[in-house]
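Chemist: Here it is, the structure in full.
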Amino acid sequence: MSENVFLVPIDPENFDRTVRTPVDLTDYPDRPEPLADLDETRLWAVDDDSGNGSTFEKMESGDLLLFYADDEYVATGRVGEAFADEDRWASGTFWTAFPTTRVYTVTDFGAVSAPKRAVNRIFDYSSSYTPGFMRVADSRVTNELSSIESALEHYTKRNA
Numbered sequence: 140m141s142e143n144v145f146l147v148p149i150d151p152e153n154f155d156r157t158v159r160t161p162v163d164l165t166d167y168p169d170r171p172e173p174l175a176d177l178d179e180t181r182l183w184a185v186d187d188d189s190g191n192g193s194t195f196e197k198m199e200s201g202d203l204l205l206f207y208a209d210d211e212y213v214a215t216g217r218v219g220e221a222f223a224d225e226d227r228w229a230s231g232t233f234w235t236a237f238p239t240t241r242v243y244t245v246t247d248f249g250a251v252s253a254p255k256r257a258v259n260r261i262f263d264y265s266s267s268y269t270p271g272f273m274r275v276a277d278s279r280v281t282n283e284l285s286s287i288e289s290a291l292e293h294y295t296k297r298n299a
């Protein structure tokens, strides 16, 4: 069982288009093989320019994703399948100014609203810490992944 946690910065416009709202794939017969059997999915990716290939390589099905913009975590999800999109089909089809070959599907999506400082506290980072795309070190993941998701849901309900 995978126990990785990834902190994922987002561009809200692209994120809304392909994660917050699932993508209908039935109109795209030319989609990449990992998506061939799916009618719809949520898609996200790691920018090729980010230099985070090694972090992307560590992504496994079931890993926890915590998505953030500015000072707030806005969603959680799990890695479905990570794959190399050599033709940049996904970024060329759905995203603006986001060329990438490192794509993954997102399952178990949930919208949340949790302050960055609260999530930083969970992983013992300083309250002002702003991560890039990263995998949280094993030593900082001291709770079950489901407990981390529950904590974010708790903040969301409390702040609603």
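Be aware that the sequence shown starts at 140, since it is given in my numbering, and climbs by one per residue.
All C-beta atoms, glycine included, are put in the ideal place defined by N, C-alpha and C.
For Asp-247, which of helix, strand or coil comes out of DSSP?
Modeler: Counting from one through the sequence shown, the residue named residue 247 turns up at place 108. Of the three classes helix, strand and coil, the one that applies to Asp-247 here is strand, per DSSP.
Chemist: Does the distance from the CB of Arg-181 to the CB of Phe-248 come in under 8 angstroms?
Modeler: One-based indexing of the sequence shown puts residue 181 at position 42. One-based indexing of the sequence shown puts residue 248 at position 109. Result yes, Cβ atoms of Arg-181 and Phe-248 sit closer than 8 angstroms.
Chemist: Label Ala-236 either buried or exposed according to how many other C-beta atoms from any shown protein chain fall within 10 Å of its C-beta, with 16 as the threshold for buried.
Modeler: Residue numbering aside, residue 236 sits at position 97 when the sequence shown is read from its first letter. Under this definition Ala-236 is an exposed residue.
Chemist: Counting only the same chain and skipping the five closest in sequence on each side, list residues whose C-beta sits under 7 angstroms from that of Leu-177.
Modeler: Here the question's residue 177 lines up with position 38 in the sequence shown. These residues qualify, in order along the chain: Leu-164.
Chemist: Can you grab the Cα-Cα spacing for the pair Gly-231 / Phe-145, in whole Å?
Modeler: Translated into positions along the sequence shown, residue 231 becomes position 92. Translated into positions along the sequence shown, residue 145 becomes position 6. Approximately 24 angstroms between the Cα atoms of the pair.
Chemist: According to DSSP, simplified to helix, strand and coil, what is Leu-164?
Modeler: Residue 164 sits at position 25 when you count from the first residue of the sequence shown. Of the three classes helix, strand and coil, the one that applies to Leu-164 here is coil, per DSSP.
Chemist: Taking only the alpha-carbon atoms, compute the straight-line gap between Thr-244 and Ala-221 and give it to the nearest angstrom.
Modeler: On the sequence shown, position 105 is the one that residue 244 refers to. On the sequence shown, position 82 is the one that residue 221 refers to. Answer to the nearest angstrom: the Cα atoms are 7 angstroms apart.
Chemist: Using only the alpha-carbon positions, how far apart do Ile-287 and Ile-261 sit?
Modeler: For the purposes of this step, residue 287 is taken as residue 148 along the sequence shown, with counting starting at 1. For the purposes of this step, residue 261 is taken as residue 122 along the sequence shown, with counting starting at 1. Roughly 8 angstroms between the two C-alpha positions.
Chemist: Pull the bridge partners of Trp-183 from the DSSP assignment, please.
Modeler: Residue 183 sits at position 44 when you count from the first residue of the sequence shown. Answer is Tyr-243.
Chemist: Give the DSSP-derived three-state secondary structure of Val-213 in the structure shown.
Modeler: For the purposes of this step, residue 213 is taken as residue 74 along the sequence shown, with counting starting at 1. Val-213 falls in the strand class under three-state DSSP.
Chemist: Could you give the DSSP three-state label for Val-158: helix, strand or coil?
Modeler: Numbered from its first residue, the sequence shown carries residue 158 at position 19. Three-state DSSP puts Val-158 in a helix.
Chemist: Do Arg-241 and Gly-192 have their beta-carbon atoms positioned less than 8 angstroms apart in this structure?
Modeler: Stepping through the sequence shown from its first residue, residue 192 is reached at position 53. Stepping through the sequence shown from its first residue, residue 241 is reached at position 102. Against a cut-off of 8 angstroms, the Cβ pair of Arg-241 and Gly-192 comes out as a contact.
Chemist: Could you pull the start and end residues of the alpha helix (DSSP H) that Phe-145 belongs to?
Modeler: Locating residue 145 in the sequence shown gives position 6, where the first residue counts as 1. Here Phe-145 belongs to no alpha helix (DSSP H); instead the beta strand (DSSP E) covers 144 to 148.
Chemist: State the Cα-Cα distance for the pair Asp-263 and Arg-274, rounded to the nearest angstrom.
Modeler: On the sequence shown, position 124 is the one that residue 263 refers to. On the sequence shown, position 135 is the one that residue 274 refers to. C-alpha separation (whole angstroms): 14 angstroms.
Chemist: Tell me whether Phe-195 sits in a helix, a strand or coil according to DSSP, three-state version.
Modeler: As a first step, residue 195 must be located in the sequence shown, where it is residue number 56. Helix, per DSSP.
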